[in-house]
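Here's the structure, in structure tokens; my notes come after.
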């Protein structure tokens with residue numbers, strides 16, 4: 032429903048209980064709401080319904096022209112759901128969303144053994160990649176309990192001959208008519224009640240080109256945790272402890288102690304760990320807001336940004352150490368840790384900073400150091 036809002040340019044419409052574009056029908060929907068949704072769809076007040084099998088049971092609507100199925104589910108349920116369209120003796124359209132590559136699944140025909148028994152997981156994978164006629168595939172799955180993957184399958188050939196003998200209409204699935212199916216998907220962006228039959232029969236022509244890339248949802252930014260060497264770990268751990276103490280003291284000074292929300296509820300160990308883990312992604316208060324989950328009190332982000340900038344300065348002056356990296360093996364073996372010399376991430380310190388590092392004993396951190404003087408963390 033949110034995708035439909037993006038397509039129509041109506042943000043928030045998915046949260047309207049009785050919208051005029053799409054309504055929901057699920058097993059948890061109230062009884063009166065179920066009656067209203069069915070009545071609105073039957074009277075042509077609502078063109079779309081988001082539902083599960085709860086709506087399909089016992090219904091024989093002739094108004095359904097298209098069914099869009101999402102989710103893995105069960106093969107028999109998928110067949111039943113897509114069979115709800117086209118019951119008015121007019122062609123119906125069924126769209127099934129499948130994964131291009133399913134993790135830990137079978138994504139190639141060569142991964143199957145001809146004649147082997149298919150469980151539900153193998154059957155779903157076979158349904159997603161089978162190159163044979165989908166109408167025959169669903170028929171054999173209902174009759175024999177497996178999805179055919181080869182055209183030389185005896186049962187497939189027999190069902191194909193039976194359809195010809197009873198003069199069944201020619202199948203127009205994406206496997207039997209790939210070019211027509213591709214054309215249909217392009218024209219489906221312009222479909223309405225007036226031209227849907229022409230689009231289904233491949234008789235629709237238009238010069239309009241609709242680009243919907245601008246309506247795609249924006250991808251979320253991927254955050255990668257920063258790796259610290261052994262010298263930086265000492266500074267970071269001390270920084271987290273000092274940050275928690277300072278922030279809790281600052282919050283208690285501003286709002287007092289004993290309120291309904293304590294300083295630990297506002298900013299705890301998890302938030303402090305997120306700050307140091309994603310330090311490379313923090314360039315301003317907006318980045319910090321997304322990492323810690325938002326600003327809980329006025330001035331929190333600005334206060335934290337001063338501490339973050341101070342930590343970056345300390346890390347830039349920290350002596351280089353060693354960082355353990357893991358090499359990913361493609362043969363399935365366990366990763367082997369290797370020690371690689373690395374410099375401290377961040378800007379290269381200038382000559383003045385290097386001079387300060389040599390004369391200031393507080394900044395001289397050795398691999399055996401267990402803690403850092405807290406004065407380091409005060410700007």
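Numbering (the numbering used here), first residue to last: 32 to 410. From the three backbone atoms N, C-alpha and C, an ideal C-beta is built for every residue, glycine too.
For residue i, the three-state DSSP class (helix, strand or coil)
i: residue 72; result: helix
i: residue 82; result: strand
i: residue 124; result: strand
i: residue 98; result: strand
i: residue 313; result: coil
i: residue 130; result: coil
i: residue 178; result: coil
i: residue 145; result: coil
i: residue 112; result: helix
i: residue 90; result: coil
i: residue 371; result: Here residue 371 scores only 38 on pLDDT, less than 50, and its place in the model should not be relied on; the value that follows carries that caveat. Strand.
i: residue 34; result: helix
i: residue 140; result: helix
i: residue 62; result: helix
i: residue 222; result: coil
i: residue 44; result: helix
i: residue 169; result: helix
i: residue 318; result: helix
i: residue 39; result: helix
i: residue 106; result: helix
i: residue 67; result: helix
i: residue 205; result: coil
i: residue 49; result: coil
Cβ separation of residue i and residue j, assumed to be a contact under 8 Å, to the nearest whole Å
i: residue 319; j: residue 335; result: 6 Å
i: residue 452; j: residue 53; result: Only positions 32 to 410 of the chain appear in the structure, and residue 452 is not among them; the question remains open.
i: residue 136; j: residue 156; result: 5 Å
i: residue 240; j: residue 271; result: Their Cβ separation, rounded to whole angstroms, is 54 Å, which puts residue 240 and residue 271 out of contact at 8 Å.
i: residue 139; j: residue 160; result: 7 Å
i: residue 110; j: residue 97; result: Not really, about 16 Å apart at Cβ, beyond 8 Å.
i: residue 278; j: residue 294; result: 7 Å
i: residue 199; j: residue 122; result: About 13 Å; that fails the 8 Å criterion.
i: residue 322; j: residue 305; result: 5 Å
Range of the contiguous beta strand (DSSP E) that encloses residue i
i: residue 56; result: 53–56
Element boundaries [alpha helix (DSSP H), containing residue i]
i: residue 218; result: 209–218
i: residue 341; result: 331–347
i: residue 193; result: 185–196
i: residue 157; result: 151–160
At 4 residues or longer, what runs of the alpha helix (DSSP H) sit wholly inside the stretch 227–306? 227–231, 261–286, 294–297
How do the stretch 157–168 and the stretch 186–201 stand: do at least 3 beta-carbon pairs fall below 8 Å, yes or no? yes
Do the stretch 196–214 and the stretch 170–183 touch if we need at least three Cβ pairs shorter than 8 Å? no
For the 8 Å Cβ check, are there 3 or more pairs between the stretch 100–113 and the stretch 127–144? yes
For the stretch 270–286 and the stretch 241–253, state whether three or more C-beta atom pairs, one from each stretch, are separated by less than 8 Å. no
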